[in-house]
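Q: In full-length UniProt numbering, the protein residues as written are 1 to 270. Note that CB positions come from ideal geometry on N, CA and C, so glycine has one too. For clarity, every value in this text was computed on a predicted model and none was experimentally measured.
In structure tokens:
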């Protein structure tokens, strides 16, 4: 759904270990390429999940912010890309928020009913942005409004997903294939229903682990992803931090939360 109206070609992607880490190159590059196109994905409730580590924020967590040279794109969206990158230069911490926004506007997609997702830009409607899982994202929408005003022909659906793709690359991640063409809905009734995003706060009692796994498989399976893609997409939790005012949690996964790497997986394996 993120790559609407046409699916992009598969991206060659390998999950490699950083020095001293443990990881394995994937044998299913085509599947991971499709997952990379949805790398706007993994931030779901990042604030809640990252905060659970109890890791204290380092003194200067944003010391590494790579210089970005985007691959040349001749699709008419260069101005939007430049404006998003300008926002990130002003506020480096906005990058992970854009990644999270990209997933939250897209992660409500249902491949069976073909409802939800980023195609109609419905996360801007109050009935959707007010979902508990979207806490803290309304401010992100407001910060993107000046860009929408400067580029009125760009739909909200295109703006939100392109901003997320730019953020992934700006943080040092892969180039995310992206195509425009989404048409915004003008009807708030088209907003995605609540409950389609991962919910780390669910209490399953004695069956917590087993049912949490089932919950994640249900959420990602509804969008058409398998277990391998679910795990790969979850790696984007390596960026960002928890904010008390948004989620009630504070913390980060890695010591450099503005570097898109595989530290998240290495920490889990260790």
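Between the Cα of residue 219 and those of 173, 109, 115, 177, spot the shortest distance and give me the residue it belongs to.
A: Numbered from its first residue, the chain shown carries residue 219 at position 219. For residue 219, the nearest C-alpha among the options comes from 109.
Q: What is the DSSP secondary structure of residue 251, reduced to helix, strand or coil?
A: Working through the chain shown from its first residue, we reach residue 251 at position 251. Looking at residue 251 - three-state DSSP - the assignment turns out to be strand.
Q: Assign residue 234 to one of two classes, buried (16 or more other C-beta atoms within 10 Å of its C-beta) or exposed (fewer than that).
A: By one-based count along the chain shown, residue 234 stands at place 234. Its Cβ being crowded by 16 or more others within 10 Å, residue 234 is buried.
Q: Identify the residues that DSSP records as bridge partners of residue 242: which are they?
A: Indexing the chain shown from 1 puts residue 242 at position 242. According to DSSP, residue 242 shares a beta bridge with 251.
Q: So, for residue 35: in the same chain, excluding its five sequence neighbours on each side, which residues have a beta-carbon less than 6 Å away from its beta-carbon?
A: Locating residue 35 in the chain shown gives position 35, counting from the first residue. Reliability fails at residue 35, whose pLDDT of 44 lies under 50, so the model's placement of it is uncertain and no value is given.
Q: Have a look at 137, 171, 173 and flag the residue whose alpha-carbon is nearest the alpha-carbon of residue 160.
A: Position 160 of the chain shown, counting from 1, holds the residue named residue 160. Of 137, 171, 173, the residue nearest in Cα terms is 137.
Q: Strictly by DSSP, which residues pair up with residue 110?
A: Counting from one through the chain shown, the residue named residue 110 turns up at place 110. DSSP lists 115 as partners of residue 110.
Q: Does the separation of the CB atoms of residue 122 and residue 190 fall below 9 Å?
A: Mapped onto the chain shown, residue 122 falls at position 122. Mapped onto the chain shown, residue 190 falls at position 190. A contact, by the Cβ cut-off of 9 Å.
Q: Look at the alpha carbon of residue 181 and the alpha carbon of residue 152, and state the distance between them as a whole number of angstroms.
A: In the chain shown, the residue the question calls residue 181 occupies position 181. In the chain shown, the residue the question calls residue 152 occupies position 152. Taking the straight line joining both Cα atoms gives about 14 Å.
Q: If you draw a straight line from the alpha carbon of residue 146 to that of residue 210, how long is it in whole angstroms?
A: As a working mapping, residue 146 is identified with position 146 in the chain shown. As a working mapping, residue 210 is identified with position 210 in the chain shown. Whole-angstrom Cα-Cα distance: 44 Å.
Q: Would the beta-carbon of residue 84 fall within 9 Å of that of residue 149?
A: Working through the chain shown from its first residue, we reach residue 84 at position 84. Working through the chain shown from its first residue, we reach residue 149 at position 149. No. Outside cutoff.
Q: What do you get for residue 39, buried or exposed, if any count of 16 or more other CB atoms within 10 angstroms of its CB means buried?
A: On the chain shown, position 39 is the one that residue 39 refers to. Per-residue confidence for residue 39 stands at a pLDDT of 37, beneath the threshold of 50, marking its modelled position as unreliable; the derived number appears in the next sentence. Classification of residue 39: buried, given that the 10 Å Cβ count is 16 or more.
Q: Helix, strand or coil, according to DSSP, for residue 153 in the structure here?
A: The residue you call residue 153 lines up with position 153 of the chain shown. Note: residue 153 maps to coil in three-state DSSP.
Q: So, are the CB atoms of residue 174 and residue 166 less than 9 Å apart?
A: As a first step, residue 174 is located in the chain shown; it is residue number 174 there, counting from the start. As a first step, residue 166 is located in the chain shown; it is residue number 166 there, counting from the start. Taking 9 Å as the Cβ cut-off, residue 174 and residue 166 do not qualify as a contacting pair.
Q: When the Cα atoms are used, what is the spatial distance from residue 222 to residue 197?
A: For the purposes of this step, residue 222 is taken as the residue at position 222 of the chain shown. For the purposes of this step, residue 197 is taken as the residue at position 197 of the chain shown. Across the structure, residue 222 and residue 197 are spaced so that their CA atoms are roughly 10 Å apart.
Q: Please state the DSSP three-state secondary structure of residue 233.
A: Against the chain shown, residue 233 aligns to sequence position 233. Helix, per DSSP.
Q: To the nearest angstrom, report how far apart residue 158 and residue 80 are at their CA atoms.
A: Reading the chain shown from its first residue, position 158 is the one you call residue 158. Reading the chain shown from its first residue, position 80 is the one you call residue 80. Their backbone Cα atoms lie some 10 Å apart in a straight line.
Q: Buried or exposed: residue 244, going by 16 or more other Cβ atoms within 10 Å of its Cβ?
A: Taking the chain shown and counting its residues from 1, one reaches residue 244 at position 244. Classification of residue 244: exposed, given that the 10 Å Cβ count is below 16.
Q: Under three-state DSSP, which class holds residue 103?
A: Taking the first residue of the chain shown as position 1, residue 103 is located at position 103. Residue state, collapsed to three classes: helix.
Q: To the nearest angstrom, how far is it from the Cα of residue 252 to the Cα of residue 238?
A: Within the chain shown, numbered from 1, the residue matching residue 252 stands at position 252. Within the chain shown, numbered from 1, the residue matching residue 238 stands at position 238. Those two C-alpha atoms are separated by around 8 Å.
Q: One question on the structure: do residue 193 and residue 116 come within less than 9 Å of each other, judged by their Cβ atoms?
A: For the purposes of this step, residue 193 is identified with residue 193 of the chain shown, where counting begins at 1. For the purposes of this step, residue 116 is identified with residue 116 of the chain shown, where counting begins at 1. Result yes, Cβ atoms of residue 193 and residue 116 sit closer than 9 Å.
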